[in-house]
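Sequence lines, in order, name chains W and G. Letter 61 of the first sequence, counting from 1, is numbered 61 in this note's numbering, and no numbers are missing. Letter 127 of the second sequence, counting from 1, is numbered 584 in this note's numbering, and no numbers are missing. Where a beta carbon is used, it is the ideal one built from N, C-alpha and C, also for glycine.
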Amino acid sequence: MLTDREILSTLEMLQNEHLDVRTVTLGINLLDCASHDLNRLKDNIFNRIADLAGNLVRVCNQIGDKYGIPVVNKRISVSPIAVVAGPFSSSQMIEIAGVLNRAAAEVNVDFIGGFTALVEKGISRGDRALIDAIPEALAETDRVCASVNVASTRAGINMDAVYLMGQKIKRAAGLSAKNDGIACAKLCVFANIPQDIPFMAGAYLGIGEADAVINVGVSGPGVVKKAVDRALAANPRMDLGRISELIKRTAYKVTRVGELIGREVAKNLDIRFGVADLSLAPTPNVGDSVGEIFQSLGLLSIGVPGTTAALALINDAVKKGGAFASSHVGGLSGSFLPVSEDLNISEAARNGHLSIEKLEALTSVCSVGLDMVAIPGETTEDTIAAIIADEMAIGVINNKTTATRLIPVPGKKAGDSAYFGGLLGQSVIMPVNNARGANPFIRLGGRIPAPIQSLTN
Amino acid sequence: MNKAVISVLGPDRPGIIAAATRILFEQDCNIENVSQTILQSEFSGIFIVAMSGDLTIQDLHQYLKEGLNPLNLHVYVKNLDTPGIEFSVENSEPFIITTKGPDRKGLVAAVTEIIARYGANVTNLQAVFKGGDDPENNIMIYEVDVPNDIDQQALYKDLRAKAIELSLNISIQHRNVFEAINRI
């Protein structure tokens with residue numbers, strides 16, 4: 001039997017802190033859709049998605065209603081299209097992106113991830129066709145998300161792929177110039193990409209996964225912030241050890257709810273439950289910000305000295321609480337600091353408290369990377385690739401996932417504003433060191449070898 | 458084997474359970490379930506026991522009265538009836554309905570009337586009314602099994618409407634959420 005204290009404290013959390021499940025993502029394996037005939041492949045893909053995901057949104061809403069805890073986003077991830085559609089050309093890949101977009105619309109899902117290539121060690125024909133197709137595929141669709149894994153601790157950094165991605169990002173921005181380069185907001189470049197990310201734009205279903213799986217993103221930066229605020233209001237002299245403990249307990253509760261709902265959705269759809277991703281994922285709404293947590297902890301703004309230590313504390317506590325709460329933790333399980341998607345972070349960038357270099361430093365403790373960072377449109381492909389290479393190096397050496405989602409906003413310069421709309425938000429354009437310069441180092445190409453820490457056997 | 462339901466009621470003091478169970482032991486009764494609670498200063502306990510041999514309800518009642526009346530306790534004993542039509546837990550979902558709001562007469566009656574009208578079953582009720590208008594001082598927590606085959610949305614709508622009428626802040630939440638958060 002539940003005690004009245006347990007009931008009342010739980011209610012307080014549910015009512016005051018707007019607890020929700022950030023995303024339920026249905027992973028769909030498309031490997032057996034393969035065909036040498038493009039039309040058959042397209043039909044197979046569409047039918048598979050429509051068939052498996054037909055009830056996803058309805059079931060998520062139903063379970064959300066039952067528990068009074070909304071599932072904010074319902075999404076789909078698929079097997080890497082570079083593998084599924086290996087024999088096809090770049091223009092045919094664009095057609096396949098169109099099919100993914102239509103299938104997502106058919107089942108009423110706002111984003112579908114998996115327009116993906118895994119090229120950390122080398123680029124196959126299908127990989128190259130997919131990467132070449134990315135700019136058009138993203139500019140011509142509104143629901144398809146792409147990701148390219150260009151590095152791993154085991155393989156090193158494929159610098160040819162890094163440079164290629166610098167070029168493709170630049171082109172994707174150009175093709176969506178009238179929307180401030182929004183195509184780039186749907187493109188992530190990764191080191192050590194996990195196979196089971198539920199969050200967009202990096203979600204894809206790994207080769208080692210089953211036919212279908214439900215992965216859940218539990219999130220809740222607002223819940224963590226309120227817990228910190230309340231505790232410090234009650235005891236302003238609470239030390240960081242106790243704050244860490246508090247965040248851990250809060251993360252435990254949030255994760256339990258996320259997993260409860262994820263498992264129930266999975267059961268209703270008769271699909272296996274995969275993982276809970278513990279990442280703190282903000283939205284552009286006030287009170288739903290990762291950035292605000294730093295201010296609750298006493299920092300002037302995210303980005304000022306002390307930010308890296310605070311982030312290390314926050315994310316470690318979230319992971320400890322979440323890992324105990326969930327039977328299977330996976331995905332990114334880091335902290336998202338998406339500049340345009342988090343009002344507070346975006347403000348910090350505008351006020352000059354947060355720079356690209358500080359964001360890069362934060363990656364080394366637990367942030368997932370340079371996420372939704374708007375940069376000047378004049379930034380060269382060399383410099384974009386160089387920023388990617390730096391991020392990848394942090395991931396490879398530290399044996400963690402890192403990623404970039406950079407948006408060189410066409411025709412705009414540092415200090416201007418970029419508008420992406422909806423969940424993608426808006427942001428000031430952040431200045432980039434050597435934005436317009438060439439970078440012969442990047443153009444040397446080849447593969448930076450796997451680091452010594454990859455030799456673990 | 459006959460089973461008896463025994464209820465014991467009276468001012469709380471040390472030794473009530475000890476006295477009652479000693480008598481049950483002496484009469485060779487096997488205790489199957491016990492639940493006790495204390496509201497303010499009043500003790501209330503309910504026991505289900507299996508009676509042995511030829512012990513009758515009347516005899517058991519007599520022994521308990523003799524032993525417990527000196528402690529100023531009232532005893533009631535009856536046969537445990539064979540279950541009739543039971544509320545089926547399999548076809549229902551457990552919800553927790555919580556209200557906070559100003560104290561007034563008839564709150565529990567008003568809420569439970571609606572719950573009963575829809576055929577939902579209250580399995581546990583905790584209520585504290587300290588009086589006054591501070592909502593935190595007047596709390597009701599109902600654990601309710603809500604049948605799957607009723608119009609649940611209509612039930613919730615009626616409950617919410619009644620809560621507004623009584624100036625209560627109401628929450629209706631599935632019990633699994635509380636279990637998930639509070640139980641390892």
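| Query | Result |
| --- | --- |
| Would you say residue 635(G) faces chain W, with C-beta separation under 9 Å as the test? | yes |
| State whether the stretch 439-447 of chain W contacts the stretch 495-511 of chain G, with contact taken as three or more CB pairs (one from each stretch) at a distance under 8 Å. | no |
| By the criterion of Cβ-Cβ separation under 7 Å, what are the contact partners of residue 6(W) in chain B? | Annotation note: the requested chain B is absent from the structure, which comprises protein chains W and G. |
| Using beta-carbon positions only, say whether residue 166(W) and residue 402(W) come within less than 9 Å of one another. | no |
| Please report the straight-line C-alpha distance between residue 195(W) and residue 575(G), rounded to a whole angstrom. | 47 Å |
| Please state whether DSSP places residue 73(W) in a helix, a strand or coil. | strand |
| Any chance you could list the beta strand (DSSP E) runs of at least 3 consecutive residues sitting entirely within the stretch 247-295 of chain W, in chain order? | 272-277 |
| Can you tell me which of 61(W), 34(W), 87(W), 428(W) puts its alpha carbon nearest to the alpha carbon of residue 48(W)? | 34(W) |
| What's the C-alpha gap between residue 146(W) and residue 424(W)? | 15 Å |
| Residue 551(G): which of 564(G), 609(G), 570(G) sits nearest, CA to CA? | 609(G) |
| With 16 as the cutoff for other CB atoms within 10 Å, does residue 353(W) come out buried or exposed? | buried |
| What's the gap between the Cα of residue 234(W) and the Cα of residue 366(W)? | 29 Å |
| Using C-beta distances below 8 Å, list every residue in its chain close to residue 201(W), excluding the 5 sequence neighbours before and after it, in chain order. | 111, 113, 145, 146, 147, 185, 186, 187, 188, 405 |
| Which value, in whole angstroms, describes the spacing of the CA atoms of residue 296(W) and residue 381(W)? | 38 Å |
| How many angstroms separate the CA atom of residue 89(W) from the CA atom of residue 133(W)? | 9 Å |
| Which two residues bound the contiguous alpha helix (DSSP H) that contains residue 600(G)? | Per DSSP, residue 600(G) belongs to no alpha helix (DSSP H); it is in the beta strand (DSSP E), 595-604. |
| I need the DSSP call for residue 467(G), collapsed to helix, strand or coil. | strand |
| Whole angstroms is fine: what's the gap from residue 496(G)'s alpha carbon to residue 584(G)'s? | 10 Å |
| Here's the rule: buried if 16 or more other CB atoms are within 10 angstroms of the residue's CB, otherwise exposed. What is residue 159(W)? | buried |
| Could you give the distance in angstroms between the alpha-carbon of residue 471(G) and the alpha-carbon of residue 573(G)? | 37 Å |
| Taking only runs of the beta strand (DSSP E) that begin and end inside the stretch 182-226 of chain W, which ones reach a length of at least 3 residues, in chain order? | 187-191, 212-217 |
| Please name the residue in 378(W), 221(W), 269(W) whose C-alpha comes closest to that of residue 461(W). | For residue 461(W) there is no data in the structure shown, the boundaries of chain W being 1 and 457. |
| Can you find a CB in chain G that lies within less than 9 Å of the CB of residue 220(W)? | no |
| So what's residue 113(W) in DSSP terms, helix, strand or just coil? | strand |
| Given that residue 555(G) touches chain W, what residues does it touch there, using C-beta distances under 7 Å? | 7, 11 |
| What residues in the stretch 315-333 of chain W have a beta carbon less than 7 Å from any beta carbon of chain G? | none |
| Give the DSSP-derived three-state secondary structure of residue 118(W) in the structure shown. | strand |
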